[in-house]
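Peer 1:
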């Protein structure tokens, strides 16, 4: 099986160059001008850009237990539609991904569907209860690259210390959902002028930053790696900036909704689709996140794709579940940063692909480079489209961007050299 | 002469001074009716009003019920304690079920901020906010303003001090929006734990000193202190709270001759207000109840006739 991608402008973190890509046996065999191989099929990508397939360090696929919200299959389709070829799915499932069997089952099912690579994130503690460590070695064997208790963060710092130490044995990455549950308890919106004016129960910014500070100190002291999930506040960024200056091994992600939205958007109509945890911040937070992406204080963009059924998002802002889907809008929202000249396209390729590949130690992907895997997103930067419910491949439709127009879309997604998604105006499954 | 065009009464934050005046003017006329031998008028005959209370309430509900009945509306009371989701029904389901009876006005109380707003976007009927979470309680503020205007003859240029649990008070917030629209200066006074961090973005002055709040105040609104706030550590004890934040004979001297002391009720005597002031304060509290009826009649009336009403006519 050979394929030549013709004439795409290939985006790498350092440059953009127009070339052909010869793909053979799922790998990038050759990058050069005018590749002619009569035995290969061709994909005309003239005028388009080729980015390394996106890597999402933070999704929720709800399997096992909540297949009414998302399945591995619907999640896979949503992911490749968004240009993703590798995703990590969080363990807040029912039951939690805290053992070999469940982790392996997810790997196997994903392989069977075969649209992209899915790595389950194992739970740090059994049943994510913050009491006993899961069997890290078994989780590693089943294919986990990282561990996290996600929305139920490890509260006990001495237990987290042990997790960070023990994880070194298997080179597993600990991902921390930074939230002090006692400070955030019961809140639904960022504590702000909006909550002062509207009486909504609130989550203060320090609910995130005090734990960011704690994680940084643990990582420093233990000389351990730690990855901070969905960073949403300016103050957290200040702390991470300082930590990086001190050469502490901390990495961080933020999500499209944090650099695209602010409290002003919520105040318009209190649509429960804006309800997400950590909560959307102020305009200043939003600007700080944009800046931190540009300056690499925030290493990568993750979606925190969190599907919920219509009923779970119905009701008042209080009653609705936290979370929004994000796989299918991540690229278009990130591209807005390029259009607004906050980052360039090369940087975008870093944030969506190369940086997460480095953080996860996936050296076989993340770049369009000879010898690497042929995981490629071919994108059109100008094509306009509107996000409608029918167009969403995810099983859930909970997004505040519904019926909004976007500029720029994924045209083709190649996974190991195979076309796993192709854009059509009337939408492909 | 401006026309009434508002379909819902969701909060004072979004209302203009003129709209508030229209309600107060109309309430004045309805207060007269309450003094008549026959207290009923046919203004809302054939209309259906549903009191949709998702949170316990006796005084506000009674007031709305009586107001609707005095206007000859058909009134249905619906109460559901706690979250409607506990019963497996969403509040929207509840609303839609009742709406099938061709309801004209829903009076809604809910423990979630903006719940009446949420429902107002999903019903044909008018919605009146009878208290939503910690957001607003507009008719309570309107009756406070009505009382002040009646007693002091104006709403402009006053010093209004609100003392107590500001953090958990929707009454405080509605009063701040309301009074500030008439160029009165509202002060709030409480221990720092009971004032939201970003409260200074409201048109309000903040002080921790009761003396400063009371000095020269034309109106003092003493808020009820819920017993559970002590166990939630907002203050160490009720004894200490009352030492620093209750209105007593001594600090009442800082007030003016004409100053009004109000309380949304029910009062915890000796916690918010010293019992020696009971006599003095009680009458006004009862008058507030009566004014509340007039204000709610006015609100029901204005929303039901919509654009036909002209201010001053």
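Chains as they are written, first to last, in our numbering: chain U, 1 to 429; chain A, 430 to 742. Beta carbons: idealized from backbone N, C-alpha and C, even for Gly.
1) Kindly provide the ranges of any beta strand (DSSP E) runs that are 3 or more residues long and lie completely inside the region 655 to 742 of chain A, ordered along the chain.
2) What does residue 562 of chain A touch in chain U if you count any residue whose Cβ is under 7 Å from its own?
3) Are the C-beta atoms of residue 523 of chain A and some chain U residue less than 8 Å apart?
4) Are the C-beta of residue 618 of chain A and some C-beta of chain U separated by less than 8 Å?
5) Whose C-alpha, out of U/215, U/86, U/337 and U/331, is nearest the C-alpha of residue 120 of chain U?
6) Determine the direct distance from the alpha carbon of residue 117 of chain U to that of residue 437 of chain A, and round the result to whole angstroms.
7) Taking residue 192 of chain U as the query, report the chain A residues whose CB atoms sit under 7 Å from its CB, ordered along the chain.
8) Using only the alpha-carbon positions, how far apart do residue 558 of chain A and residue 102 of chain U sit?
9) Strictly by DSSP, which residues pair up with residue 503 of chain A?
10) Using beta carbons (cut-off 8 Å, strictly below), is residue 541 of chain A in contact with chain U?
11) When DSSP labels each residue in this structure, what does residue 454 of chain A get in the three-state scheme?
12) So, is residue 36 of chain U buried or exposed, given that buried needs 16 or more other C-beta atoms within 10 angstroms?
13) Please list the partners that residue 658 of chain A has in chain U, where partner means a Cβ-to-Cβ separation under 8 Å.
14) Write down every uninterrupted run of the alpha helix (DSSP H) in the region 55 to 88 of chain U whose length is 4 residues or greater and which is fully enclosed by it, in chain order.
15) Starting from residue 166 of chain U, follow the alpha helix (DSSP H) in both directions and report where the run begins and ends.
16) Closer than 7 Å between beta carbons: that is the criterion. Which residues of the region 315 to 346 of chain U meet it against chain A?
17) Roughly how many angstroms lie between the CA atoms of residue 177 of chain U and residue 194 of chain U, to the nearest whole one?
18) Just checking: is the beta-carbon of residue 507 of chain U within a distance shorter than 8 Å of some beta-carbon in chain A?
19) Using the Cα positions of residue 190 of chain U and residue 298 of chain U, report the straight-line distance between them to the nearest angstrom.
20) So, under 8 Å CB-CB, residue 293 of chain U and residue 351 of chain U are touching, yes? Tell me the CB distance rounded to an integer number of Å.
21) Using 8 Å as the threshold, is the region 399 to 418 of chain U in touch with the region 571 to 584 of chain A, meaning 3 or more CB pairs across them?
22) Looking at the structure shown, is residue 418 of chain U part of a helix, part of a strand, or coil, going by DSSP?
23) Please name the residues in the region 587 to 618 of chain A whose beta-carbon is closer than 7 Å to at least one beta-carbon of chain U, in chain order.
24) Please tell me whether residue 196 of chain U has its Cβ less than 8 Å away from any Cβ of chain A.
25) Tell me the DSSP secondary structure of residue 18 of chain U in three-state form.
26) Using the rule of at least 16 other Cβ atoms within 10 Å of the residue's Cβ for burial, across every protein chain shown, is residue 526 of chain A buried or exposed?
27) Scan the region 263 to 278 of chain U for residues whose Cβ lies nearer than 8 Å to a Cβ of chain A and list them as they occur along the chain.
28) So, helix, strand or coil for residue 359 of chain U, using DSSP?
29) Helix, strand or coil for residue 201 of chain U per DSSP?
30) Across which residues does DSSP place residue 555 of chain A in a beta bridge pair?
31) Classify residue 171 of chain U: buried if its beta carbon has 16 or more other beta carbons within 10 angstroms, exposed otherwise.
32) At a Cβ threshold of 8 Å, is residue 519 of chain A touching chain U?
33) Closer than 8 Å by beta-carbon distance: list the chain U residues that pair up with residue 631 of chain A, in chain order.
34) Using only CA atoms, which one of A/455, A/730, A/632 and A/704 lies nearest to residue 607 of chain A?
35) With a CB to CB cut of under 6 Å and the five nearest residues on each side skipped, what residues in its chain are close to residue 17 of chain U?
36) What does a CB cutoff of less than 6 Å around residue 104 of chain U pick up in its chain, not counting 5 residues either side in sequence?
Peer 2: By the coordinates alone:
1) Unbroken beta strand (DSSP E) runs of no fewer than 3 residues, entirely contained in the region 655 to 742 of chain A, are found at 689 to 691, following chain order.
2) Near residue 562 of chain A (Cβ distances below 7 Å), the residues of chain U are 199.
3) Answer no: the Cβ-Cβ gap between residue 523 of chain A and chain U never drops below 8 Å.
4) So no, residue 618 of chain A is outside the interface.
5) Of the residues U/215, U/86, U/337 and U/331, the one whose Cα lies closest to the Cα of residue 120 of chain U is U/86.
6) Distance between the alpha carbons of residue 437 of chain A and residue 117 of chain U is about 52 Å.
7) Think of a sphere of 7 Å around the beta carbon of residue 192 of chain U: the chain A residues whose beta carbon falls inside it are 627, in chain order.
8) Straight-line Cα distance between these residues: approximately 49 Å.
9) Residue 503 of chain A is bridged to A/477.
10) Residue contact with chain U for residue 541 of chain A: present (Cβ-Cβ distance below 8 Å to some residue of chain U).
11) In the structure shown, the three-state DSSP call for residue 454 of chain A is helix.
12) By the neighbour-count rule (16 or more Cβ atoms within 10 Å), residue 36 of chain U is not buried but exposed.
13) Those do not exist, as residue 658 of chain A stays about 15 Å from chain U at its closest Cβ, beyond 8 Å.
14) Fully enclosed alpha helix (DSSP H) runs of no fewer than 4 residues occupy 72 to 81 of the region 55 to 88 of chain U, in order along the chain.
15) Its alpha helix (DSSP H) spans residues 157 to 167.
16) Of all residues in the region 315 to 346 of chain U, only 315, 316, 317, 318 and 319 place a beta-carbon less than 7 Å from a beta-carbon of chain A.
17) A direct Cα-Cα distance of roughly 25 Å separates residue 177 of chain U from residue 194 of chain U.
18) Nothing in the structure corresponds to residue 507 of chain U, since chain U is present only between 1 and 429.
19) Answer to the nearest angstrom: the Cα atoms are 21 Å apart.
20) The pair is a contact, with the Cβ atoms about 6 Å apart (cut-off 8 Å).
21) No: fewer than three Cβ pairs fall under 8 Å.
22) Looking at residue 418 of chain U - three-state DSSP - the assignment turns out to be strand.
23) Residues passing the 7 Å Cβ filter: 599 and 602.
24) The beta carbon of residue 196 of chain U falls within 8 Å of a beta carbon belonging to chain A, placing the residue at that interface.
25) Correct three-state label for residue 18 of chain U: strand.
26) Per the 10 Å Cβ criterion, exposed.
27) Answer in chain order: 269 and 270.
28) Reduced to three states, the DSSP call for residue 359 of chain U is helix.
29) Coil, per DSSP.
30) DSSP output for residue 555 of chain A lists A/534 as bridge partner(s).
31) The C-beta of residue 171 of chain U has fewer than 16 other C-beta atoms within 10 Å across all chains shown, which makes the residue exposed.
32) It does; some Cβ of chain U falls within 8 Å.
33) Counting only Cβ-Cβ distances below 8 Å, residue 631 of chain A has contacts in chain U at 196 and 197, in chain order.
34) The option with the nearest alpha carbon to residue 607 of chain A is A/632.
35) The beta carbon of residue 17 of chain U sits closer than 6 Å to the beta carbons of 10 from its chain, once the five residues preceding and following it are set aside; these are given in chain order.
36) Hits under 6 Å: 142.
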